[in-house]
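Below: one structure, written as structure tokens.
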Amino acid sequence: MIRTLLALDGALVRGALSCVLAAEEDISVVAEVDRGDAVRPAVQAQRPDVVVADLDLIAEDVPGPVGPCPLLVLAHPRRARGLRGMLSATRMVGILGSDVGPQRVVEGIRRLFRREPVLDADLVVAALRPDGPLTSREIEVLRLTAAGAPVAEVAASLGLARGTVRNHLGRIARKAGARTRVEAVRVAREAGWI
-16 MIRTLLALDG ALVRGALSCV LAAEEDISVV AEVDRGDAVR PAVQAQRPDV VVADLDLIAE
44 DVPGPVGPCP LLVLAHPRRA RGLRGMLSAT RMVGILGSDV GPQRVVEGIR RLFRREPVLD
104 ADLVVAALRP DGPLTSREIE VLRLTAAGAP VAEVAASLGL ARGTVRNHLG RIARKAGART
164 RVEAVRVARE AGWI
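Now the structure itself:
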């Protein structure tokens, strides 16, 4: 049985993942916490085999809160820079996007328990890039969009088809965790991508 501790912000997400894990024959959730300062005491008390944690909850205290226990970090692409320190960790650290399906988390737990790597390549690249997860073309598209240019104008400026610009904007929104272009611009500015 793989004893798992969940350190996730948000009762709905944490509860849903706990239910998914409880349905697995080889995984049990031994504790759930929603604050960074509660991770270390829960790890010491429960001695889990794997910890699944939001980057935001543990970023201040990595690798401290989980000791030698394998850690599966769920991170949003816009927070990927916070993963840099974990990439050089001397113990097993898995990295997945916070938007992955629950089965990817289940498989990630199993892989870490077997001491196998679990990495989301896009997040690793985003963590190592100085300008965040956006490609240079996406940055160009977003800068023009942020300046108020409509899709047709962005396409004409960059020599792209309108559909290509819309595709770039869709990828940018997903990477930013945004629902709209305006929100994507705001997130990108706050994260220092543009």
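If you count the sequence shown from 1, position 54 lands on 37 in the numbering used here, and the numbers rise without skipping. The C-beta atom is built at its ideal place from N, Cα and C for all residues, glycine as well. This one's a predicted model, so the numbers in the text were calculated from it and none came from an experiment.
Limits of the unbroken alpha helix (DSSP H) element including residue i
i: Leu4; result: -6 to 5
i: Gly91; result: 85 to 96
i: Glu15; result: Glu15 -> not in any alpha helix (DSSP H); beta strand (DSSP E) instead, spanning 10 to 16.
i: Asp82; result: No alpha helix (DSSP H) holds Asp82; DSSP gives it neither H nor E.
i: Ala129; result: 119 to 129
i: Leu40; result: 38 to 41
i: Ala28; result: 22 to 29
Cβ separation of residue i and residue j, assumed to be a contact under 8 Å, to the nearest whole Å
i: Val101; j: Leu40; result: The Cβ separation is near 18 Å, so there is no contact.
i: Phe96; j: Val33; result: 6 Å
Proximity of residue i and residue j at Cβ, strictly below 8 Å
i: Ala58; j: Gly80; result: yes
i: Glu121; j: Arg162; result: no
i: Met(-16); j: Ser11; result: yes
i: Pro24; j: Val13; result: no
i: Leu(-12); j: Val26; result: yes
i: Thr118; j: Arg164; result: no
i: Glu123; j: Leu141; result: yes
i: Ala174; j: Ala167; result: no
i: Ala135; j: Arg149; result: no
Reference residue i; option with closest CA among the options
i: Val(-4); options: Val26, Arg94, Asp82, Glu90; result: Asp82
i: Asp17; options: Arg172, Leu(-9), Val34; result: Leu(-9)
i: Arg157; options: Leu125, Gly142, Arg145; result: Leu125
i: Gln86; options: Leu106, Arg98, Val3, Thr128; result: Val3
i: Gly(-7); options: Glu173, Glu15, Glu8; result: Glu15
i: Ala5; options: Arg149, Ala21, Ile92, Gly19; result: Ile92
i: Glu7; options: Arg172, Asp103, Val88; result: Val88
i: Val108; options: Glu90, Gly84, Leu66; result: Leu66
i: Arg(-14); options: Pro53, Ile177, Gly19, Thr147; result: Pro53
Bounding residues of the beta strand (DSSP E) (the contiguous stretch that carries residue i)
i: Ile177; result: That residue, Ile177, is in no beta strand (DSSP E); it is neither H nor E in DSSP.
i: Leu54; result: 54 to 58
i: Gly142; result: Note, Gly142: premise wrong, no beta strand (DSSP E); not H, not E.
i: Arg(-14); result: -15 to -10
Cβ neighbour criterion (16 or more within 10 Å) applied to residue i
i: Pro116; result: buried
i: Gly131; result: exposed
i: Leu111; result: exposed
i: Gly(-2); result: exposed
i: Asp9; result: exposed
i: Ala104; result: exposed
i: Asp20; result: exposed
i: Ala36; result: buried
i: Ala139; result: exposed
i: Ala171; result: buried
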